[in-house]
Structure formats: C-alpha cells, structure tokens
Amino acid sequence: MTLSAEQKSDLRARFLKVDTANVADVLDELGHPDYGLASSFWPIRESQNKLAGWAYTIRGQMTPYPGTGDPAKMQAVAGLEDGQISVWSGGGASGVCFFGELIARGMQHRGCAGALIDGGIRDIEWIAQMNFPVFTQYRSPVQSIGRWQVNAWQVPVYLPGATAERVMVRPDDFILADFDGAIVIPLELVEPVLERAEALTVKEVAIREDLDRGMSLPDVLAKYGHV
15 MTLSAEQKSD LRARFLKVDT ANVADVLDEL GHPDYGLASS FWPIRESQNK
65 LAGWAYTIRG QMTPYPGTGD PAKMQAVAGL EDGQISVWSG GGASGVCFFG
115 ELIARGMQHR GCAGALIDGG IRDIEWIAQM NFPVFTQYRS PVQSIGRWQV
165 NAWQVPVYLP GATAERVMVR PDDFILADFD GAIVIPLELV EPVLERAEAL
215 TVKEVAIRED LDRGMSLPDV LAKYGHV
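This is how it looks when you write it as structure tokens:
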C-alpha cells in the first residue's frame with residue numbers, strides 16, 4: 015500500500031482529532047485486538063500528550079564499543095521525513111538513555127512529529143520546551159555512548175504490548191498516543207480504522223449531549239448500542 019505525501023498529511027491531521035480509546039475499540043471490532051502498547055509508555059509533558067505520525071523505526075542493543083559516538087544513530091535519524099514518528103526499539107536496554115535534546119532538535123528540524131522510545135531519555139526539561147511530543151519508558155542521565163548502539167533502521171521492530179507480549183511496528187505503520195496510552199495501526203488498516211474511529215467520535219459527542227440532558231445510561235445503551 016502506497017500513500018502520497020499529501021494523503022499521509024491529510025490522514026495524520028484527521029488522526030489528531032480522534033482518541034486512542036476509539037481506535038482501540040475499532041481495532042477490536044475489526045478483529046485486531048493486540049496493537050495497544052504497554053501502559054509503561056508515558057508522555058514527558060502532559061501538555062504535549064498527543065503523538066500521531068508514520069513510524070520510522072530505529073533498533074539498537076546494549077553492546078560495549080570504543081569511540082566517542084554512534085555514527086549509525088546519526089545516519090538513522092538523518093533519514094527522517096515530515097510527519098514521521100521516530101520509533102526506538104531499545105533491545106531490552108535499561109539504565110542508559112539513547113535519546114536527548116540535541117537528537118530531538120535535529121529530528122524536529124527534519125519535520126519529525128515526535129518520538130516513541132522503548133528505552134531511556136534525558137534532557138527532559140529542554141525537550142519539553144520544544145513542542146516535540148515524546149513517549150518513553152524511563153528517564154536516565156547516563157549516556158548510551160560505549161554502552162548501547164544502533165544496529166538497524168527502517169526494519170520491523172517489536173515493542174512491549176498491552177495485551178500481547180510484543181507488538182510489531184513496521185516502517186509506515188501509524189502511531190497514535192495520548193493520555194490513555196499508545197497504539198499501533200498497521201498501514202493496511204489505517205483508512206478503515208480512521209473512518210470508523212471518526213464515526214465513533216461523532217457518536218460519542220451525541221452520547222455526551224444526551225447524558226448531559228439527563229438521559230439514563232440504560233437508555234443511552236438502547237439508543238446507541240455503545241457507551
């Protein structure tokens with residue numbers, strides 16, 4: 015499935031108007047229940063809690079190495095394009111960060127729309143000032159140089175799941191995250207999921223209005239078949 019840059023931009027703008035909860039419900043209805051990510055992913059700033067974009071995957075692992083930098087990491091982030099989310103698979107990393115303010119700033123200037131990190135982050139105060147949404151697993155001041163290294167990018171990666179042990183994320187799958195958590199929408203399901211999530215969003219607006227007018231929950235369920 016190939017989408018033009020214009021189509022991707024339009025779809026991303028529409029996804030920003032729906033919630034992960036409705037997307038999760040739609041995926042359940044379509045028979046794809048295990049695309050929610052683990053609840054341990056959290057936004058570094060509450061006011062920047064909406065993350066939406068096309069997955070650009072970066073994979074790495076804990077491995078000692080000499081030198082003062084990770085050239086593969088620099089190559090990986092240089093490939094990011096407008097509207098993409100950098101999705102980092104840490105390979106079980108713990109205790110070190112492999113994402114900080116300077117990496118975030120460089121990615122933002124390439125049009126990157128945010129980051130989803132299965133690993134650690136530092137420079138949180140600086141990143142929070144950038145209007146650059148980031149969801150991560152943990153924080154640490156300890157750098158990755160000499161400890162953790164990128165070994166591939168734009169390949170399928172596997173992140174901790176909510177209902178499955180691991181969720182596969184492929185390049186160009188869609189990532190959506192908000193206060194409720196993060197979820198993956200496979201590329202081939204993006205359009206049908208979005209259309210149904212938009213319809214569900216409209217329905218929920220009507221439900222709220224009826225509840226605010228005093229309609230009972232049983233009556234709402236009978237009228238809409240959904241609460």
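Heads up, the sequence shown is in this note's numbering, so the first residue is 15 and it goes up one at a time.
The beta-carbon is built from N, C-alpha and C at its ideal position, and this holds for glycine as well.
Whole-Å CB distance - residue i paired with residue j, under 8 Å assumed
i	j	result
residue 129	residue 99	7 Å
residue 36	residue 211	5 Å
residue 127	residue 195	Actually they do not touch by this definition, with Cβ atoms about 18 Å apart.
residue 15	residue 201	6 Å
Proximity of residue i and residue j at Cβ, strictly below 8 Å
i	j	result
residue 125	residue 97	yes
residue 64	residue 192	yes
residue 71	residue 183	yes
residue 149	residue 57	yes
residue 208	residue 29	yes
residue 197	residue 45	no
residue 69	residue 91	no
residue 81	residue 105	no
Status (buried if at least 16 other CB within 10 Å, exposed otherwise) for residue i
i	result
residue 116	exposed
residue 103	buried
residue 226	exposed
residue 136	buried
residue 31	exposed
residue 19	exposed
Range covered by the beta strand (DSSP E) that runs through residue i
i	result
residue 174	171–174
residue 149	148–150
residue 58	From DSSP, residue 58 is part of no beta strand (DSSP E); its letter is neither H nor E.
N-terminal and C-terminal residue of the alpha helix (DSSP H) that residue i is part of
i	result
residue 119	115–122
residue 40	34–43
residue 138	138–142
Cut-off 6 Å between Cβ atoms - residues of its own chain near residue i, not counting five sequence neighbours on either side
i	result
residue 107	76, 133, 162
residue 158	110, 112
residue 172	180, 182
Proximal residues to residue i (C-beta, below 7 Å), its chain only, five neighbours per side dropped
i	result
residue 39	214
residue 204	25, 188
Contacting residues, own chain, Cβ-Cβ under 8 Å from residue i (five flanking each side not counted)
i	result
residue 43	210
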